[in-house]
Every structure is written in C-alpha cells, then in structure tokens.
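Using the working numbering, the first residue of the sequence shown is number 19, and each one after it goes up by one.
Data first, discussion second: the structure below is written as structure tokens.
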Amino acid sequence: MNIVETPSRAMLVIPHPDDGESGVGGTVAKWAQEGTSILYVVCTNGNKGSSDTQMTSEKLASIRRQEQLKAAETLGVQEVRFLDYGDGELIDSHDFLGLIVEQIRRWKPEIVLAMDPVRHLSHSHRDHRISGQIALDACFPFARDFLHFPQHRNNNLEPHKTGHALLWGTENPTDFVDIENTLNQKIKGLSAHVSQLSSDQQKIEQFVKRRAIDAASKAKNEGHEVQYAEVFRRIAFRL
Ligand SMILES: [Zn+2]
Numbered sequence: 019m020n021i022v023e024t025p026s027r028a029m030l031v032i033p034h035p036d037d038g039e040s041g042v043g044g045t046v047a048k049w050a051q052e053g054t055s056i057l058y059v060v061c062t063n064g065n066k067g068s069s070d071t072q073m074t075s076e077k078l079a080s081i082r083r084q085e086q087l088k089a090a091e092t093l094g095v096q097e098v099r100f101l102d103y104g105d106g107e108l109i110d111s112h113d114f115l116g117l118i119v120e121q122i123r124r125w126k127p128e129i130v131l132a133m134d135p136v137r138h139l140s141h142s143h144r145d146h147r148i149s150g151q152i153a154l155d156a157c158f159p160f161a162r163d164f165l166h167f168p169q170h171r172n173n174n175l176e177p178h179k180t181g182h183a184l185l186w187g188t189e190n191p192t193d194f195v196d197i198e199n200t201l202n203q204k205i206k207g208l209s210a211h212v213s214q215l216s217s218d219q220q221k222i223e224q225f226v227k228r229r230a231i232d233a234a235s236k237a238k239n240e241g242h243e244v245q246y247a248e249v250f251r252r253i254a255f256r257l
C-alpha cells in the first residue's frame, strides 16, 4: 500500500454533510495543517437524515448546513460550497456534472477526493455512488476539455487537469494516510454533526478509533508501522 503525499490543493466531493468528516476527517485535518488549500463541495443538503418525526426537511437542511460549516472550520478547510440538492435526489445528469466541473476549474485541485462508486460486497447510498461517479467523470475528461461546458470560459474558468482521484469508502484500498496526529481533530470535526450522532461522545470516539485501527491494519499487512489510518483507492487519469 502506498503512502499518500500531501498535495498543495485538494477538492472533496461530499454527498451529504458529515460524509467528509466521517470518511476522511483525519486526512483533511493533516493536510490543512501542512498547508493544503482544501475545498469542500457538499452535494446534497442532507434533508432526509432524521428519525425525529417532529423534524421538517427545511429545518434539517438548515441545521446540517451549520453543522457542516462548523466541522469544516474545525478541520481547517478553506472553503465550503453547497450545491443544495435534496438528500437522495442526486442523478447522473449533465447539470450536476457541470457544477462539479465548474468547481474543479475554479479551485484547480491537484487531487480530488470522493466516495468510491463501485462496491461489490455491500450496498451503498445512491448519493454516494452517483457523486463518486460524477466526480471521476468531471476530472476526466470533462474539466480537461474546453469544449465541454464552454460557457465556463466566459467566467474566466479555464480547463484544468487533475492528476489523481482518491476514493474513500472503498473495498479495494491502494493508498493510506497516517492520521495518528489528527485523530482527535477528526473526532471533534465529526462531533459537530450533532443531528446525526449519538449524544454519547464516547461512542463517537470508539467508532472513529475502531475504523482508523481497521484501516491501519490493512497498511500494517503490507509492512507499514501505523496505528490509525484512512485508506483510499487511487485513480490516475490519463492526461
Ligand atoms: Zn452520506
């Protein structure tokens, strides 16, 4: 398994508020500390994620937006963009693709992070699959070729080549990031999503730690000395 090098600019395509922190909060905090400029693109407003029958979608969207902003600030994310699709309403459309391409052309990331759209062993939320697939398509070839979404040039957005994507929530990791020094920050960032979590802080800590230890064991199997990790499947684009 390969160690991921810290990029200068990164963009995350996040299906729901909290998927970024729960999936890759340790990596985000580490990179931010090391000087990476990080953009969050949050695709849906998460307005269905509640079991409270007194809750409304409108109220939930507003709560989750605030939670996401607080979490991103905790981790040192530079900017958060909300695309504001409804929860569960992502479709593989030209419009959605154009919005992700637009952010790539604006932010010019060296690397894009998204959720792995391909799972064989278990089911995943359709927003996770679709946002992951769109993120990959946006990197290659759509953001690269100026004749795709040519209207972007009117806003001074030039084509951009992103070299790699890192997919989290993957069944087939190829790369890892050591998050020992930012595990606590990840817990703190995730804890900002109060509407989505147990009120038992210990449970949250255990959940994050257990997953980080599981991830680290995959890197350990290949001879890396690491206690807590986040793992990814790397995609290299032909540019
Ligand atoms: Zn999600």
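Built from N, CA and C at the ideal position, the CB exists for glycine as well.
**Asked** Using the beta-carbon count (16 or more within 10 Å), is I265 buried or exposed?
**Response** In this structure the chain extends from 19 to 257, so residue 265 is not present and cannot be described.
**Message:** Measuring only the C-alpha atoms, how far is E97 from Q72?
**Reply:** 32 Å
**Request:** May I ask whether a heavy atom of ligand 1 can be found less than 7 Å away from the beta carbon of D102?
**Result:** no
**Request:** Output the distance between the C-alpha atoms of I122 and H143, rounded to the nearest integer angstrom.
**Result:** 24 Å
**Item:** Integer Cβ distance of L154 from G44, believed to fall under 8 Å
**Value:** That pair is no contact at about 23 Å.
**Prompt:** Touch check for the stretch 181 to 201 and the stretch 127 to 142: three-plus C-beta pairs under 8 Å?
**Reply:** yes
**Item:** Where E120 falls, given that 16 or more other Cβ within 10 Å makes a residue buried
**Value:** buried
**Prompt:** Counting pairs of Cβ atoms below 8 Å between the stretch 152 to 167 and the stretch 195 to 215, do you hit three or more?
**Reply:** no
**Prompt:** Where DSSP assigns a beta bridge to T62, which residues make up the other side?
**Reply:** Y103
**Message:** Assuming F250 is part of the beta strand (DSSP E), what are its boundary residues?
**Reply:** A247 to A254
**Cβ neighbours of R206 in the same chain (closer than 8 Å, five flanking residues each side left out)** = With the sequence shown as reference, residue 206 is identified as Lys, and Arg is not the correct amino acid for it. Closer than 8 Å at the Cβ level, and outside the excluded window around K206, lie T92.
**Message:** Considering only heavy atoms of ligand 1, does any lie closer than 7 Å to the CB of D110?
**Reply:** no
**Prompt:** Residue range of the beta strand (DSSP E) that V195 falls in?
**Reply:** D193 to D196
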